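Undergrad: For reference, the structure I am asking about is given below.
2 protein chains.
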Amino acid sequence: MEPVWNGWGSPDFKKPLPKQADSVLTERLGTSLALPEIELEALAASVSPSRLNDSELLTTEAKTRIKYSRGQSLPDWLALKYGELERVTDAVAFPKDELQLQSLLELAYQLDAVLIPYGGGTSVVGHINPGNDPRPTITVSMEKMNQLLSIDPLSQLARFQAGVRGPDLEKQLNEQGYTLGHFPQSFEWSTLGGWIASRSSGQQSLKYGRIEQLFAGGTLLTPGGKLVVDSYPASSAGPDWRELILGSEGRLGIISEAEVRVQPLPEKEQFYASFFPSWQAGLAAVRQMAQQDIHASMFRLSHPTETLTQLQLALEPKKLKRLQQLFGLLGLGDQPAMLTWGVTGNKKHCRQQKRAIRKQIGQHGGRLALKRLGDHWQHNRFGAPYLRQSLWEKGYLVDTFETAANWNRIEELQQEMERSLAKACPQTPMMCYTHLSHVYAQGCSLYTTYLYPNKGSYEENLERWQAFKKAASQAVIDGGGTISHQHGVGEDHRPYFEQEKSKLQQSGLTATLAHYDPDKRMNPGKLINGCAPKETS
Amino acid sequence: MEPVWNGWGSPDFKKPLPKQADSVLTERLGTSLALPEIELEALAASVSPSRLNDSELLTTEAKTRIKYSRGQSLPDWLALKYGELERVTDAVAFPKDELQLQSLLELAYQLDAVLIPYGGGTSVVGHINPGNDPRPTITVSMEKMNQLLSIDPLSQLARFQAGVRGPDLEKQLNEQGYTLGHFPQSFEWSTLGGWIASRSSGQQSLKYGRIEQLFAGGTLLTPGGKLVVDSYPASSAGPDWRELILGSEGRLGIISEAEVRVQPLPEKEQFYASFFPSWQAGLAAVRQMAQQDIHASMFRLSHPTETLTQLQLALEPKKLKRLQQLFGLLGLGDQPAMLTWGVTGNKKHCRQQKRAIRKQIGQHGGRLALKRLGDHWQHNRFGAPYLRQSLWEKGYLVDTFETAANWNRIEELQQEMERSLAKACPQTPMMCYTHLSHVYAQGCSLYTTYLYPNKGSYEENLERWQAFKKAASQAVIDGGGTISHQHGVGEDHRPYFEQEKSKLQQSGLTATLAHYDPDKRMNPGKLINGCAPKETS
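Going down the list, the sequences are from chains Z and A.
The numbering of the first sequence is our numbering, which starts it at 973 and goes up by one.
The numbering of the second sequence is our numbering, which starts it at 973 and goes up by one.
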């Protein structure tokens, strides 16, 4: 199935806003003006012609070029729906195998074109947008390379072509009794190669690990040849070259195959929602659980503001009121912090862990373990992005940003992130809320969502986004967070990546990229800018 | 306390061979001739003079130079004890702080000298030996930089100067209620910086993680400046530069400070020994436990040959016989495989895990859980290297090698490793045995010990070692193992590292090293050879 060309996901699936949403939005953001959506035909007629010719490997058809030129960031949506595509890729290729991929690298050299590797096109930071390199651009969609190549049940390893999307990957594994367990929110459309290239993290990374722990080795086609990284359970033989491919964002080459660590399908999987009297109490509880021998499969702690917003959207006012009365009776106040949590494994493990988690929650004043709300989360776990379309149709713009930081910075950082948004466009009504979605012994991630109403033109809406993004990103860096926990760097985070990393780390990365791609032919302008290759090293 | 200059560890500690050992050794290897030990004074009189002058930062005293010129490999012992030091470092420095370290880098540039970073000198693969670079050599001992700098209890992070030895590190942490939990066999003498530079793995890595998981960030002084890597709980902002420092073996620069992930001291820690009727049954049991939600703190599975040898050395013949009778009664045969295992954590965790582990062991035909043998292992966990001296005194040479591989290769690889030794010097009596000491879902490590008798001259003994080492290393590579799971590459594994890693991985590493160290001034000749710096990238 082909996804919507100018928004998120399946064309057959809509997620209308709950009927309670209207009043919440109007109350907090005022009424808004409908936002436009240009037709694909009209847009195709207006884009600049390709600088390349059709060939066996390349298509230059305008509609295809448009579809593969933007990701899922808010500026991407604005550009696609207003029809303000500054740049469109010159051609799209759909290689069927490594041989064709190799031919594309040679063709790019012959044509002096640059290549943009394209997984599922779900980037929210501009990974796959044509940049300002003057050379023609070929976007390489990996969607036809989606097969399970081999499986080693004893070592629990599976080798895939890297273009495989989440559901296809899981289906091929599930048929043999296995799972990878990597479920980012973009799961339904994103690809294995994309996860690796952008250091993705799944919702249950607490159990299964981030993609860093799952990616065991593979093959990357670079302009200088094939970079093969063999797979060992562990090794002390020098720096780990997998870690260079992870997060390489297409700058080194194109990941063609990847070996991943899989597990037998779990016997049982359960999700619950519990509530804490405060954000601080919830933070202390999840921190202590992350630092102990407690094995949940996920923790997602919503700040009281997010908790209230989510409950307002999920429940009819009457039901919400009853729940709030219950909160009061349980000593949670009327603005508790919701913790969604899960256990995954065999029955005994789930039982033991569930008991241990409930005990810890109780020790921090937390109450309840509502399976119904846990199930609600599970059934909607990949659904949130569809809400953006429903909001768009009502004239509201929504975006998110995220980070990870050490525990000793989290409370202040969360406040600063939200404060920075409030200060960024003081004239614009804005609502925002935050949750924590990944925990580690050392710290956790923070994920902030913000909404603002349409104020008319493309430029006005984009400028507002730029102001919000700039303020929030700077708050992240100033507060000791990384510019991204799970979305990568791409174009949008590049200036902050350059603030975050030390000078010698950047120069080393630049030198390494230049070694593999001396002509800066691979996804130039993403991740890191500086790359005057032959001179720098 | 200063360690023995020409062997392992403390001068005040001896570990005599058990009285049963004589007959075991004579029976399997024949009698042997005593091995020599030259006096330090005599050796100091014979080494070539230093090419550098004494200064505030450098000492060129011959005895000091000798002490810091060799590690703990068998060829190192042969060279030190026979007095056959081909090369001795020209000077040794003992920087007190980062400023002095920086001065040493500048001094090396002025003198056109090369630098060898020196942690605890416990390398068994030639990491700290002066190589064949024609320039004078300065060995930089980090032993004075051994302080805990800061601790963040909330994020469970501690920052240390990198020259801190294991016991000093644990003492400084224990005083505040924390532990790093990194206990390689070399723990008592090796250093934090050395662990990082060589990708070390501790005996309880199953609980605490390898040094890769413990090292959170730090500072490395390179010839081009200070490379700072900040510490985040996780990040998707580009390739992880920590992973370049890990395993860099001094080739990038000198690690001056490191932040590590610590944990509160565990409530409880227990070790047991169980027995399986066969190696295969033991392998299946530990593999399945590593692939399930079972949380031991260590597994060490001895092959039946190692089990028998260890029991023969640990027990008087009468006691051994009684134990073997018990094995028979329990259906274990007379050559079972011993599994030493541990649990670490709070009481409840230990109780639950102990129960789960015993159940799994039983399901694979395993029997017993002898705390006495577990305690024996615990009390001797750092003692094995002292046995080398006792063997030396009786005229027997001992060495080990190790690897890690996927589960589907383990059985054959273990056989091939031992077979390769048997074939290497068919005229030399040799005994060998193997254990598995680290398990992962994907595979495990294998660790083989071999002994052979002294046959006279330095050259004859060294040649035999070379033949054994070559045969074993090639068997590892041919059998799909990594050339090292926990000892690193150094000089001795370099040819096999070059076989193990793909061409483009090697060229990329070479280019990256050249970026930070264009003059090849940092520990040249270790890890990877090729480094014609400015031209290659």
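C-beta: ideal position from N, C-alpha, C; glycine also.
Since the structure is predicted, the reported quantities are computational estimates derived from the model, not experimental observations.
Going by DSSP, name the residue or residues bridged to Thr-1111/Z.
TA: The residue given as residue 1111/Z occupies position 139 in the first sequence. Looking at the DSSP assignment, Thr-1111/Z forms a beta bridge with Val-1064/Z, Ile-1088/Z.
Undergrad: Let me know the secondary structure DSSP gives Met-1261/Z once reduced to three states.
TA: On the first sequence, residue 1261/Z is found 289 positions in, with the first residue counted as 1. Helix.
Undergrad: Applying a beta-carbon distance threshold of less than 7 Å, which residues of chain D neighbour Ile-1038/A?
TA: Protein chains Z and A are contained in the structure displayed, whereas chain D is not.
Undergrad: By a C-beta neighbour count over all protein chains shown, 10 Å radius and 16 as the cutoff for buried, is Tyr-1204/Z buried or exposed?
TA: Position 232 of the first sequence, counting from 1, holds the residue named residue 1204/Z. Flag for Tyr-1204/Z reads buried.
Undergrad: Strictly below 9 Å CB to CB, what residues from chain Z border Thr-1406/A?
TA: Along the second sequence, read from residue 1 onward, the residue named residue 1406/A stands at position 434. Those do not exist, as Thr-1406/A stays about 17 Å from chain Z at its closest Cβ, beyond 9 Å.
Undergrad: Exposed or buried, Lys-986/Z, counting other C-beta atoms within 10 Å across all chains shown (16 or more means buried)?
TA: What you label residue 986/Z is simply residue 14 of the first sequence in a count that begins at 1. Classification of Lys-986/Z: exposed, given that the 10 Å Cβ count is below 16.
Undergrad: Closer than 8 Å between beta carbons: that is the criterion. Which residues of the region 1179-1209 of chain Z meet it against chain A?
TA: Within the region 1179-1209 of chain Z, the residues whose Cβ lies closer than 8 Å to some Cβ of chain A are Arg-1182, Glu-1184, Ala-1188, Thr-1194, Gly-1196, Gly-1197, Lys-1198, Leu-1199, Val-1200, Val-1201, Asp-1202, Ser-1203, Tyr-1204, Pro-1205, Ala-1206, Ser-1207, Ser-1208, Ala-1209, listed in chain order.
Undergrad: If you check the beta carbons only, do Ala-1085/Z and Arg-1107/Z fall under 7 Å apart?
TA: On the first sequence, residue 1085/Z is found 113 positions in, with the first residue counted as 1. On the first sequence, residue 1107/Z is found 135 positions in, with the first residue counted as 1. Yes, Cβ-Cβ distance for Ala-1085/Z and Arg-1107/Z is below 7 Å.
Undergrad: Check whether the region 1170-1187 of chain A and the region 1454-1461 of chain A are in contact - that is, three or more C-beta pairs closer than 8 Å.
TA: Enough Cβ pairs lie closer than 8 Å, so yes.
Undergrad: Compute the beta-carbon to beta-carbon distance between Gln-1471/A and Ser-1392/A, rounded to the nearest angstrom, for a pair I have assumed lies under 8 Å.
TA: In the second sequence, residue 1471/A corresponds to position 499, counting from 1. In the second sequence, residue 1392/A corresponds to position 420, counting from 1. Not quite, the Cβ-Cβ distance comes to about 15 Å (not below 8 Å), so this is no contact.
Undergrad: Considering only the beta carbon of each residue, do Gln-1386/Z and Leu-1418/Z sit closer than 7 Å?
TA: For the purposes of this step, residue 1386/Z is identified with residue 414 of the first sequence, where counting begins at 1. For the purposes of this step, residue 1418/Z is identified with residue 446 of the first sequence, where counting begins at 1. Yes, the pair counts as a contact, with Cβ atoms nearer than the cut-off.
Undergrad: In terms of residues, what are the limits of the alpha helix (DSSP H) holding Gly-1166/A?
TA: If you number the second sequence from 1, residue 1166/A lands on position 194. Per DSSP, Gly-1166/A belongs to the alpha helix (DSSP H) from 1164-1169.
Undergrad: Just reading off the alpha helix (DSSP H) that Phe-1469/A is part of, what are its end residues?
TA: Within the second sequence, the letter at position 497 stands for residue 1469/A. Per DSSP, Phe-1469/A belongs to the alpha helix (DSSP H) from 1466-1472.
Undergrad: Give the residues of chain Z in contact with Tyr-1412/A, contact being defined as C-beta atoms less than 8 Å apart.
TA: Locating residue 1412/A in the second sequence gives position 440, where the first residue counts as 1. The answer, in chain order, is Pro-1205, Ala-1206.
Undergrad: Starting from the Cα of Gly-1346/A, find the closest Cα among Trp-1313/A, Ile-1123/A, Val-1232/A and give me that residue.
TA: In the second sequence, counting from the first residue as 1, residue 1346/A sits at position 374. Of the candidates Trp-1313/A, Ile-1123/A, Val-1232/A, the one whose C-alpha sits nearest the C-alpha of Gly-1346/A is Trp-1313/A.
Undergrad: Hey, is Glu-1384/A's beta-carbon within less than 7 Å of any beta-carbon in chain Z?
TA: Taking the first residue of the second sequence as 1, we reach residue 1384/A at position 412. Chain Z contact via Cβ: absent.
Undergrad: Return the Cβ separation of Ala-1253/A and His-1336/A in integer angstroms, given the expectation that the two are a contact with Cβ distance under 8 Å.
TA: Taking the second sequence and counting its residues from 1, one reaches residue 1253/A at position 281. Taking the second sequence and counting its residues from 1, one reaches residue 1336/A at position 364. At roughly 5 Å, the Cβ-Cβ gap stays under 8 Å, so Ala-1253/A and His-1336/A are in contact.
Undergrad: Where does Cys-1322/A fall in DSSP's three states?
TA: Against the second sequence, residue 1322/A aligns to sequence position 350. Residue state, collapsed to three classes: helix.
Undergrad: Below 8 Å on the Cβ atoms is my guess for His-1154/A versus Ile-1123/A; work out the distance and round it to an integer in Å.
TA: Counted from its first residue, the second sequence places residue 1154/A at position 182. Counted from its first residue, the second sequence places residue 1123/A at position 151. That belief does not hold up - the Cβ atoms of His-1154/A and Ile-1123/A are roughly 16 Å apart, past 8 Å.
Undergrad: Excluding the 5 residues preceding and the 5 following Leu-1121/A in the sequence, name in chain order all residues of the same chain whose CB lies nearer than 6 Å to its CB.
TA: Numbered from 1 along the second sequence, position 149 holds the residue referred to as residue 1121/A. The answer, listed in chain order, is Arg-1131.
Undergrad: Measure from the C-beta of Asp-1265/Z to each C-beta in chain A and report whether the shortest distance is under 7 Å.
TA: To locate residue 1265/Z, count along the first sequence from 1; it is residue 293. So, interface residue.
Undergrad: What does DSSP give as the partner residues of Val-996/A in its beta bridges?
TA: Against the second sequence, residue 996/A aligns to sequence position 24. DSSP output for Val-996/A lists no bridge partner at all.
Undergrad: Assuming Gln-1133/Z and Asn-1118/Z make a contact with CB atoms under 8 Å, what is their CB distance in whole Å?
TA: Walking along the first sequence from the start, residue 1133/Z turns up at place 161. Walking along the first sequence from the start, residue 1118/Z turns up at place 146. The Cβ separation is near 6 Å, so the contact holds.
Undergrad: Shortest alpha-carbon distance to Gly-1453/A belongs to which of Trp-1379/A, Phe-1299/A, Asp-1491/A?
TA: Here residue 1453/A is taken as the residue at index 481 of the second sequence, counted from 1. It is Trp-1379/A.
Undergrad: Against Thr-1454/Z, what residues of chain A qualify as contacts under a CB-to-CB distance less than 9 Å, listed in chain order?
TA: Taking the first residue of the first sequence as position 1, residue 1454/Z is located at position 482. Going along chain A in sequence order, the residues near Thr-1454/Z (Cβ under 9 Å) are Asp-1202, Tyr-1204, Pro-1205, Ala-1206, Ser-1207, Ser-1208, Ala-1209.
Undergrad: Just the C-alpha distance for Thr-1508/Z and Leu-1485/A, rounded to the nearest angstrom, thanks.
TA: For this step, residue 1508/Z is matched to residue 536 along the first sequence. For this step, residue 1485/A is matched to residue 513 along the second sequence. For Thr-1508/Z, the predicted model reports a pLDDT of 35, less than 50, meaning its position is unreliable and no value from the coordinates is stated.
Undergrad: For chain A, find out if any of its Cβ atoms is closer than 7 Å to the Cβ of Gly-1451/Z; answer yes or no.
TA: Taking the first residue of the first sequence as 1, we reach residue 1451/Z at position 479. For Gly-1451/Z, the answer is no, since every Cβ of chain A falls outside 7 Å of its Cβ.
Undergrad: Which two residues bound the contiguous alpha helix (DSSP H) that contains Ala-1188/Z?
TA: In the first sequence, residue 1188/Z corresponds to position 216, counting from 1. It is not in any alpha helix (DSSP H) - Ala-1188/Z instead sits in the beta strand (DSSP E) that spans 1187-1194.
Undergrad: Is the beta carbon of Leu-1141/Z sitting closer than 7 Å to the one on Leu-1164/Z?
TA: Reading the first sequence from its first residue, position 169 is the one you call residue 1141/Z. Reading the first sequence from its first residue, position 192 is the one you call residue 1164/Z. Cβ atoms of Leu-1141/Z and Leu-1164/Z: closer than 7 Å.
Undergrad: Spatial neighbours of Arg-1023/Z within its chain, please: CB distance less than 6 Å, with the 5 preceding and 5 following residues excluded, ordered by chain position.
TA: Position 51 of the first sequence, counting from 1, holds the residue named residue 1023/Z. So the list reads Asp-1062, Pro-1108, once near-sequence residues are dropped.
Undergrad: What are the uninterrupted segments assigned as alpha helix (DSSP H) that are 4 or more residues long and contained completely in the region 1364-1451 of chain Z, given in chain order?
TA: Runs found: 1379-1396, 1430-1450.
Undergrad: What are the start and end residues of each continuous beta strand (DSSP E) run of 3 or more residues lying completely inside the region 1211-1271 of chain A, in chain order?
TA: Counting whole runs of 3 or more residues, the region 1211-1271 of chain A contains the beta strand (DSSP E) stretches 1226-1233, 1240-1248.
Undergrad: Going along the chain, which residues of the region 1214-1228 of chain A sit with their C-beta nearer than 7 Å to a C-beta in chain Z?
TA: The region 1214-1228 of chain A vs chain Z, Cβ under 7 Å: Glu-1215, Leu-1216, Leu-1218, Gly-1219, Ser-1220.
Undergrad: Straight-line CA distance for Cys-1503/Z to Glu-1229/Z?
TA: Taking the first sequence and counting its residues from 1, one reaches residue 1503/Z at position 531. Taking the first sequence and counting its residues from 1, one reaches residue 1229/Z at position 257. Here Cys-1503/Z scores only 46 on pLDDT, less than 50, and its place in the model should not be relied on; the value that follows carries that caveat. Cα to Cα, the separation comes out at about 27 Å.
Undergrad: Give the residues of chain Z in contact with Leu-1476/A, contact being defined as C-beta atoms less than 8 Å apart.
TA: What you label residue 1476/A is simply residue 504 of the second sequence in a count that begins at 1. Under the 8 Å cutoff, chain Z gives Thr-1194, Gly-1196, Gly-1197, Lys-1198, Leu-1199, Val-1200, Tyr-1488.
Undergrad: Mind checking if Ala-1256/A is an interface residue toward chain Z, Cβ cutoff 7 Å exclusive?
TA: Translated into positions along the second sequence, residue 1256/A becomes position 284. No - not a single Cβ of chain Z is within 7 Å of the one on Ala-1256/A.
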